[in-house]
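Written out below as structure tokens is the structure these notes cover.
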Amino acid sequence: MGLYKVRRVVGELAQDEVDAAALRSTWCLSDYPNVTWHHSMWDKEAGEIICLYEAPNEEIIREHAEAARLPCDEVREVSFIDPQEYLHG
Numbered sequence: 297m298g299l300y301k302v303r304r305v306v307g308e309l310a311q312d313e314v315d316a317a318a319l320r321s322t323w324c325l326s327d328y329p330n331v332t333w334h335h336s337m338w339d340k341e342a343g344e345i346i347c348l349y350e351a352p353n354e355e356i357i358r359e360h361a362e363a364a365r366l367p368c369d370e371v372r373e374v375s376f377i378d379p380q381e382y383l384h385g
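Below you can see the structure in the form of structure tokens.
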């Protein structure tokens, strides 16, 4: 399983639109049992949402986005760096 950063260019959104998108994503996840949505960060000023997913590949991330009717402008495999490992090493 890989860890993926997903960039979604959304423009200006109201809170209820973000909530609706999150709900659609959550509902669709039941069809993708090997995909885990860890969290998202909404940058209102930039008009984008950055999400972190765990999945077997990029293609399934894009399939999930299409099923949930979410933009999926960029998908990159990333690595997790835990600062606790450096503080208590």
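This note's numbering numbers the first residue of the sequence shown as 297 and each following residue consecutively. For glycine and all other residues, C-beta sits at the position ideal for the given N, C-alpha and C.
#1: Taking E354 as the reference, give the member of E344, A316, I345 and C368 with the closest Cα.
#2: Can you give the Cα-Cα distance for L365 and S375, rounded to whole angstroms?
#3: In the DSSP assignment, find the unbroken beta strand (DSSP E) run with D339 in it and report its ends.
#4: What span of residues does the alpha helix (DSSP H) with I377 cover, start to end?
#5: Apart from the five residues on each side of it in sequence, which residues of its chain come closer than 7 Å, Cβ to Cβ, to W338?
Taking the definition as stated:
#1: C368
#2: The residue asked about is misnamed: residue 365 is Arg in this sequence, not Leu. So the alpha carbons of these two residues sit roughly 27 Å apart.
#3: T332 to D339
#4: For I377, there is no enclosing alpha helix (DSSP H), as DSSP gives it neither H nor E.
#5: V314 and I345
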